[in-house]
Amino acid sequence: MTPDEIPHLSRPTGRARPAARRRVAVLAAVALAAGPAACGTEARAVCGVVVDSTSYADPATSRTDVTSKLPPFAEGCDWMAFAAVTGSSESSSCRQDPVPLAATTAENPNENPVVEERVRKHRVTEVVPRAVKLFDCPAEGEGSDVLGALRYAVKQLTAHRRPDSAHRLVVFSDLINNRGELNVHELDLSEAARQRKVKELRDAGLLPDLSGYAVTVHGFLREKTSSPDRFPLLEGFWREALEESGAVTVDLL
Numbered sequence: 047m048t049p050d051e052i053p054h055l056s057r058p059t060g061r062a063r064p065a066a067r068r069r070v071a072v073l074a075a076v077a078l079a080a081g082p083a084a085c086g087t088e089a090r091a092v093c094g095v096v097v098d099s100t101s102y103a104d105p106a107t108s109r110t111d112v113t114s115k116l117p118p119f120a121e122g123c124d125w126m127a128f129a130a131v132t133g134s135s136e137s138s139s140c141r142q143d144p145v146p147l148a149a150t151t152a153e154n155p156n157e158n159p160v161v162e163e164r165v166r167k168h169r170v171t172e173v174v175p176r177a178v179k180l181f182d183c184p185a186e187g188e189g190s191d192v193l194g195a196l197r198y199a200v201k202q203l204t205a206h207r208r209p210d211s212a213h214r215l216v217v218f219s220d221l222i223n224n225r226g227e228l229n230v231h232e233l234d235l236s237e238a239a240r241q242r243k244v245k246e247l248r249d250a251g252l253l254p255d256l257s258g259y260a261v262t263v264h265g266f267l268r269e270k271t272s273s274p275d276r277f278p279l280l281e282g283f284w285r286e287a288l289e290e291s292g293a294v295t296v297d298l299l
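For the sequence shown, the positions run 47 to 299 when the numbering used here is used.
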C-alpha cells in the first residue's frame, strides 16, 4: 500500500504545518516498510478463463499452456469463472462451476494473511483440473464459436462484478472463430472492412462487454500455416474488436 492509498495520508491541497508534515512522513515510512500485508488480505482480481475445445485443443502444447500458465494467473484472482469454446459456446452444456479463491469471512474472520494464503493455495489446485476438462467438451456443431465463449465468460463475471477490483480474462485459443456472424477465414481484412465488421458485431450485440478488462490470449493463430500474410491483419482485427469491447489491455501471445 502506498501513502496515497491510505485515506488519512492523502496529499494536502494547501501548505501543511511542519509538525503535520513530520507526522505524515513517519506514517508513510511505516506504511511503506510494512508492505502489502499492512492492508490485511487485500482483494485481488475477478477473473475468467476460456478454453478452446475445438481444433486448438489437438496440439499437446495447448494443454501444456494451460497447466503452466493458468496457476500463476490464478494467484492474482479472488474468483475464477470458466467457459469453453465449442461449436455453440454460449448455449453449451459443457460447463465448470466457478471457483472462489479467496477465503470467506467465516473461514477467515480476522483477515489473517496466513489463513488467507492457506485457503487460496488449496483452492488454486482446483482451477487447472476444471480448465483442462473443458478441452474434452463435445463438438456441439462444426467450427469454433469464440465470441460465444467470451460472452458466456463475461456473463458470469458481470454477475460477480466488483467495481473496486481488477477484472482479468485469460483465453487459451487460436481465435479462429468460424461460426455465426464471424468467419475469420472469409473475413475481408482491409482496414475499412475490419472497422465495418467490428461495428457490425458491436451493433448486433455479439461483442462481449469487456469494459475495464485486461485480456490475455495464449495460442493466437497457433498451428495455422496458410496465408501468413493475413496473420498481422487478423491480429489487427482482434485487437480492434477486443478494444471496441472495452478491454483496457489486449495481449495476443
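All C-beta atoms, glycine included, are put in the ideal place defined by N, C-alpha and C.
As assigned by DSSP and simplified to three states, the class of A260: Residue state, collapsed to three classes: strand.
Cβ-based neighbour list, R248, same chain, cut-off 7 Å, excluding 5 preceding and 5 following: Counting only Cβ-Cβ distances below 7 Å, and skipping sequence neighbours, we find E290.
Those runs of the beta strand (DSSP E) which lie wholly inside the segment 192 to 243 and span at least 3 residues: Listed in chain order, the complete beta strand (DSSP E) runs (minimum 3 residues) inside the segment 192 to 243 are 213 to 218.
Chain-order list of residues whose beta-carbon lies under 7 Å from that of G265 (same chain, five-residue window excluded): Setting aside the 5 residues that flank it on each side, G265 is surrounded in the same chain by Y102, S108, D111, F218, S219, D220, each with a C-beta closer than 7 Å to its C-beta; the list follows chain order.
Cα-Cα separation between V96 and N156, rounded to whole angstroms: The alpha-carbon atoms of V96 and N156 are separated by roughly 34 Å.
Beta bridge counterpart(s) of L298 as assigned by DSSP: Paired residues: V263.
DSSP three-state assignment for P146, whether helix, strand or coil: Residue state, collapsed to three classes: strand.
Local Cβ density within 10 Å of S273, reported as buried at 16 or more and exposed below that: Under this definition S273 is an exposed residue.
Residues near P254 in its chain [Cβ-Cβ closer than 8 Å; skip 5 each side]: Excluding residues within five positions, the ones whose Cβ falls inside 8 Å are L193, L196, R197, A199, V200, S291.
Between the CA atoms of Q241 and E227 - distance to the nearest angstrom: Their backbone Cα atoms lie some 15 Å apart in a straight line.
Sufficient close CB pairs (3 or more, under 8 Å) joining the segment 200 to 214 to the segment 171 to 191: As far as the Cβ criterion goes, the segment 200 to 214 does not touch the segment 171 to 191, which means the pair count is below three.
Separation of V230 from F283, as counted between CA atoms: If you take the alpha carbons of F283 and V230, they lie about 9 Å apart.
Alpha carbon of E286 to alpha carbon of D98, nearest angstrom: When rounded, the distance between both Cα atoms is 21 Å.
Nearest-angstrom Cα separation, counted from N154 out to A130: The straight-line gap from Cα to Cα measures roughly 32 Å.
Collapsed DSSP secondary structure at G282 in the structure displayed: Helix, per DSSP.
For F181: DSSP bridge partner residues: Bridge partners of F181: none, in fact.
8 Å Cβ shell around D234 - same chain, five flanking residues per side excluded: Setting aside the 5 residues that flank it on each side, D234 is surrounded in the same chain by R240, K243, each with a C-beta closer than 8 Å to its C-beta; the list follows chain order.
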